[in-house]
Amino acid sequence: MRRKTLTDDAPKSALELAMARFRKQDQDEGVETKPVSQEQKAGIAEAKRVAEAKLAEREILHQAALRRVEDPDSRKVLEDQYRRDRERVLADRDRKIGEIRGA
């Protein structure tokens with residue numbers, strides 16, 4: 001006979017319930033989950049550090065460029081370029097993490 005603990009009866013948060021549903025759905029669909037190795041964790045952390053550094057650099061350069069420009073149209077162009085740079089860096093980071101996890 002299994003003894004209930006206090007955590008068995010504790011109410012679940014919406015996040016916990018959603019994660020349980022996703023795990024059940026993955027299990028029903030036959031999706032395998034592999035634990036991430038220490039080497040993979042290190043690679044993922046490195047990819048995140050590199051992306052964070054690139055984003056910080058882009059932010060500094062963007063702020064410096066904004067200080068030199070007063071024209072609203074030019075500022076809009078700079079904002080668009082900055083947004084695209086951020087998206088590219090984040091997409092690159094996500095791609096690298098995906099490659100590391102797939103290895």
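Sequence positions in the sequence shown follow this note's numbering and run 1 to 103. From the three backbone atoms N, C-alpha and C, an ideal C-beta is built for every residue, glycine too. Just so you know, these numbers come straight off a predicted model, no measurement behind them.
Contact between the stretch 90 to 101 and the stretch 43 to 55 (3+ Cβ pairs under 8 Å): yes
Burial state of I60 (16 or more Cβ within 10 Å): exposed
Alpha-carbon to alpha-carbon, D92 and L6: Confidence in L6 is poor, its pLDDT being 49 and thus under 50, which makes the residue's placement unreliable; the coordinate value appears in the next sentence. Roughly 44 Å between the two C-alpha positions.
Three CB pairs or more closer than 8 Å across the stretch 54 to 68 and the stretch 78 to 89: yes
Segments of 4+ residues assigned as alpha helix (DSSP H) that fall wholly inside the stretch 58 to 83: none
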